[in-house]
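Throughout the sequence shown, residue numbering follows this note's numbering, covering 6 to 312 in sequence.
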Amino acid sequence: MLRQPDLRAATATAPVLCVGAVLWDIVGRTPREMRLGSDQPGRIVRIPGGVALNIAMALRRAGLRAELLGAVGRDFEGDGLIAACAKLGLGTDHLYRSEDLATDTYMAIEGAGDLTAAIADVHSLEQAGDKILRPLADGTLGTADTPFAGVVALDGNLTETLLAEIAQSPLFAQADLRIAPASPGKAERLLPLLDHPRAVLYVNLEEAGLLCQAQFGTARDAAAALAARGAGRILVTDGGGETAEARDGDIICGRPPKVTVTRVTGAGDTFMAAHIAAELAGADRAAALERALAAAAAYVSGETAGA
6 MLRQPDLRAA TATAPVLCVG AVLWDIVGRT PREMRLGSDQ PGRIVRIPGG VALNIAMALR
66 RAGLRAELLG AVGRDFEGDG LIAACAKLGL GTDHLYRSED LATDTYMAIE GAGDLTAAIA
126 DVHSLEQAGD KILRPLADGT LGTADTPFAG VVALDGNLTE TLLAEIAQSP LFAQADLRIA
186 PASPGKAERL LPLLDHPRAV LYVNLEEAGL LCQAQFGTAR DAAAALAARG AGRILVTDGG
246 GETAEARDGD IICGRPPKVT VTRVTGAGDT FMAAHIAAEL AGADRAAALE RALAAAAAYV
306 SGETAGA
């Protein structure tokens with residue numbers, strides 16, 4: 006059985022730790038369909054982003070405290086990003102900042118509500134490695150003997166080596182680990198955490214297939230396959246289709262409300278944050294899933310803040 010911690014007790018005083026990419030999102034968006042070589046009129050925005058930061062922002066909108074652990078350069082872009090996070094009410098005191106590392110960037114192109122292409126430059130996060138985890142070891146947020154016991158939202162942008170170390174680390178032995186791949190291309194990095202007894206994985210249908218080296222027609226099938234591979238708790242989304250949650254072999258499903266999609270970057274992070282917030286508020290499995298799907302639908306439709 007999955008050892009599920011008491012979330013409300015664990016976070017009564019502790020913030021939710023959001024570990025991973027903290028960067029600038031540059032998103033170009035057009036309502037027109039994009040093809041290879043397309044040149045279309047649209048809008049370009051630059052906003053705070055990255056999986057860890059997106060989750061933190063969504064948690065803060067839900068009224069929760071969020072603390073960032075990641076790497077931000079001591080450069081002009083980094084200073085601006087720290088200032089923007091502070092205005093959003095996010096904790097930045099424990100970010101690792103280096104003179105030698107530039108602030109990371111994500112660039113995406115969206116056309117007609119679909120992601121056309123994206124490039125994630127998270128080299129500084131990868132080079133920083135386990136330095137971003139120092140507050141969990143030096144007594145600031147915990148130690149190996151007294152590990153942090155709240156919710157940790159973990160971003161698959163971390164290196165495969167660091168994720169494997171986290172899977173065995175005493176620093177996370179008491180945490181409620183909520184884990185998201187950064188993209189399908191990085192999904193397999195999460196394999197060492199698949200059967201972690203305190204992990205909850207949030208993946209889409211494509212990412213689930215990569216983790217299982219298989220193709221699935223439905224989220225329910227994907228969730229069942231991941232559970233068979235040892236995942237104690239897994240949520241599999243499928244865009245506007247059915248979402249499935251498997252927990253200790255029991256599967257429940259739900260569908261998001263039908264909306265007009267105006268953006269996609271950050272939708273999965275919003276879903277994950279809303280699900281965490283709902284459970285922290287005491288919602289049961291079905292209600293938490295319903296709230297998360299509603300929040301993600303509102304986000305992609307443009308009804309809530311974001312890129």
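Quick reminder that beta carbons are idealized off the backbone N, C-alpha and C, glycines included.
When DSSP states are grouped into helix, strand and coil, M112 belongs to the strand group.
Counted as a single uninterrupted DSSP element, the alpha helix (DSSP H) harbouring D274 occupies residues A272 to L285. Between the stretch 109-118 and the stretch 91-99, the count of Cβ pairs shorter than 8 Å is below three; the stretches do not touch.
T145 carries a coil assignment under DSSP once its states are collapsed to helix, strand and coil. Ranked by how close their Cα comes to the Cα of A158, the residues R139, L206 and A283 have L206 in first place.
Contact between the stretch 29-39 and the stretch 147-165 is absent: fewer than three C-beta pairs spanning the two stretches fall below 8 Å. Approximately 17 Å separates the beta-carbon atoms of L167 and F153; this is outside 8 Å, ruling out the contact. For L199, no beta strand (DSSP E) segment is defined, and its DSSP state is neither H nor E. I87: member of the alpha helix (DSSP H) spanning F81 to K92, first to last residue. Cβ atoms of V127 and D109 come within 8 Å of each other, at about 5 Å. Looking at the backbone, the Cα of S103 and that of P53 are separated by about 19 Å. Under the 10 Å beta carbon count, S43 is surrounded by fewer than 16 other beta carbons and is classified as exposed. Collapsing the DSSP output to three states places G214 in a helix.
By the CB criterion at 8 Å, G96 and P20 fall inside the cutoff. Non-local C-beta neighbours of I60 in its own chain, meaning closer than 7 Å and more than five positions away in sequence, comprise C23, A158, D274, M277 and A278, ordered along the chain. Note on geometry: alpha-carbon atoms of L215 and A292 lie some 28 Å from one another.
In the three-state DSSP reduction, E104 falls in the coil class, being neither helix nor strand.
When A229, A117, Q45 and A272 are compared, the shortest CA-CA separation from L58 is found for A272.
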